[in-house]
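Since the structure comes first, as structure tokens, the remarks are kept for the end.
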Amino acid sequence: MTRHLLKLSDFTPSELRGIVTRAIEMKKAGPNRGGPIAGKTLAMIFTKNSTRTRVSFESGMAKFGGHALFLHAGTTQLGRDEPIADTARVLSRMCDAIMIRNNSQADQAELALHSRVPVINGLSDIHHPCQLLADIQTWMEHRGDIRGKTAAWVGDGNNNVCHSFIEAAQLFGFTLNVAAPQGFEPLEQIVSPAKDSVRICRSAAEAVSGADLVVTDTWTSMGQEAEQQRR
Numbered sequence: 018m019t020r021h022l023l024k025l026s027d028f029t030p031s032e033l034r035g036i037v038t039r040a041i042e043m044k045k046a047g048p049n050r051g052g053p054i055a056g057k058t059l060a061m062i063f064t065k066n067s068t069r070t071r072v073s074f075e076s077g078m079a080k081f082g083g084h085a086l087f088l089h090a091g092t093t094q095l096g097r098d099e100p101i102a103d104t105a106r107v108l109s110r111m112c113d114a115i116m117i118r119n120n121s122q123a124d125q126a127e128l129a130l131h132s133r134v135p136v137i138n139g140l141s142d143i144h145h146p147c148q149l150l151a152d153i154q155t156w157m158e159h160r161g162d163i164r165g166k167t168a169a170w171v172g173d174g175n176n177n178v179c180h181s182f183i184e185a186a187q188l189f190g191f192t193l194n195v196a197a198p199q200g201f202e203p204l205e206q207i208v209s210p211a212k213d214s215v216r217i218c219r220s221a222a223e224a225v226s227g228a229d230l231v232v233t234d235t236w237t238s239m240g241q242e243a244e245q246q247r248r
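Position in the sequence shown counted from 1, then plus 17, gives you this note's numbering.
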């Protein structure tokens with residue numbers, strides 16, 4: 018069965034730790050054009066722009082022997098004259114994996130449903146799993162195991178990175194304090210399964226008290242610009 022990474026909870030805790038451990042090993046070893054993705058092609062679909070996401074995926078593929086195709090939504094038929102299911106089938110026949118960065122978790126799920134190759138979430142409106150894998154890798158490289166530690170989130174609570182941090186807390190075994198004023202909390206559907214690992218705080222000061230790691234982010238996520246002053 019084809020595995021997809023649309024959210025961290027698509028994988029088990031041991032699988033996620035294995036991914037991070039392997040990433041650290043590959044980083045230390047350096048580029049290897051004859052490595053495990055030699056000759057593989059990654060299709061990258063962007064409906065939301067990003068410097069870091071594009072460069073990191075393209076560089077990673079190139080350094081380990083693969084190739085990345087940049088597909089901007091404005092230059093493809095995705096979701097316009099061609100249904101998402103058809104795009105999934107076509108890319109599946111020509112590429113070995115698909116990365117998509119867009120504003121709809123539901124569209125990603127549909128793409129994955131009809132894809133015969135792995136689909137990776139490069140960002141959606143709800144989750145940002147690759148960002149969290151990179152964050153956890155950075156922590157482990159500099160501070161060791163994150164299990165049992167406390168992290169504080171100070172930024173927009175109803176945010177894709179925050180949601181993935183909540184899943185990470187449960188899956189990697191740490192506590193997450195989320196600074197979220199009333200009305201700006203993370204989605205309950207994300208918080209509920211991880212409730213033993215997450216604490217909603219009403220102030221930034223409360224959230225960071227005793228934390229081993231403080232993560233900051235914007236108060237106004239993409240698409241919420243009209244709410245800037247209120248936030």
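Glycine residues also receive a C-beta, built at the ideal position from the N, C-alpha and C atoms.
Proximity below 8 Å, CB of residue i to CB of residue j
{"i": "residue 81", "j": "residue 52", "result": "yes"}
{"i": "residue 59", "j": "residue 146", "result": "no"}
{"i": "residue 23", "j": "residue 195", "result": "no"}
{"i": "residue 73", "j": "residue 109", "result": "no"}
Sequence-distant residues of its chain with Cβ nearer than 8 Å to residue i (five each side left out)
{"i": "residue 234", "result": "170, 171, 172, 173, 176, 178 and 179"}
{"i": "residue 189", "result": "30, 33, 34, 153, 163 and 164"}
{"i": "residue 241", "result": "173 and 248"}
{"i": "residue 65", "result": "118, 119, 120, 140 and 239"}
{"i": "residue 237", "result": "173, 244, 245 and 248"}
{"i": "residue 144", "result": "23, 24, 25, 122, 138, 177, 180, 181 and 184"}
{"i": "residue 134", "result": "19, 108, 109, 112, 113, 114 and 115"}
{"i": "residue 57", "result": "78, 82, 83, 84, 113 and 114"}
{"i": "residue 90", "result": "62, 63, 64, 96 and 119"}
Residue i versus residue j: straight-line alpha-carbon distance, rounded
{"i": "residue 181", "j": "residue 38", "result": "19 Å"}
{"i": "residue 118", "j": "residue 228", "result": "31 Å"}
{"i": "residue 192", "j": "residue 186", "result": "6 Å"}
{"i": "residue 231", "j": "residue 225", "result": "7 Å"}
{"i": "residue 244", "j": "residue 49", "result": "46 Å"}
{"i": "residue 213", "j": "residue 75", "result": "37 Å"}
{"i": "residue 157", "j": "residue 69", "result": "21 Å"}
{"i": "residue 160", "j": "residue 148", "result": "18 Å"}
{"i": "residue 125", "j": "residue 201", "result": "25 Å"}
{"i": "residue 114", "j": "residue 55", "result": "13 Å"}
{"i": "residue 105", "j": "residue 204", "result": "29 Å"}
{"i": "residue 28", "j": "residue 150", "result": "12 Å"}
{"i": "residue 94", "j": "residue 67", "result": "20 Å"}
{"i": "residue 166", "j": "residue 130", "result": "36 Å"}
{"i": "residue 71", "j": "residue 92", "result": "16 Å"}
Proximity to residue i [Cα-Cα], best of the options
{"i": "residue 207", "options": "184, 69, 62 and 121", "result": "184"}
{"i": "residue 83", "options": "66, 112, 131 and 211", "result": "112"}
{"i": "residue 218", "options": "211, 122, 205 and 198", "result": "198"}
{"i": "residue 221", "options": "210, 78 and 168", "result": "168"}
{"i": "residue 128", "options": "20, 155 and 92", "result": "20"}
{"i": "residue 40", "options": "94, 91 and 155", "result": "155"}
{"i": "residue 85", "options": "92, 77 and 223", "result": "77"}
Contacting residues, own chain, Cβ-Cβ under 6 Å from residue i (five flanking each side not counted)
{"i": "residue 62", "result": "88 and 117"}
Same chain, Cβ closer than 7 Å to residue i, five either side skipped, listed in chain order
{"i": "residue 215", "result": "183, 186, 193, 195 and 208"}
CB contact below 8 Å: residue i versus chain D
{"i": "residue 70", "result": "Going by chain labels, chain D is absent from the structure shown, which holds only one protein chain."}
Touching by the beta-carbon criterion (3+ pairs, under 8 Å), the stretch 88-102 and the stretch 35-50: no
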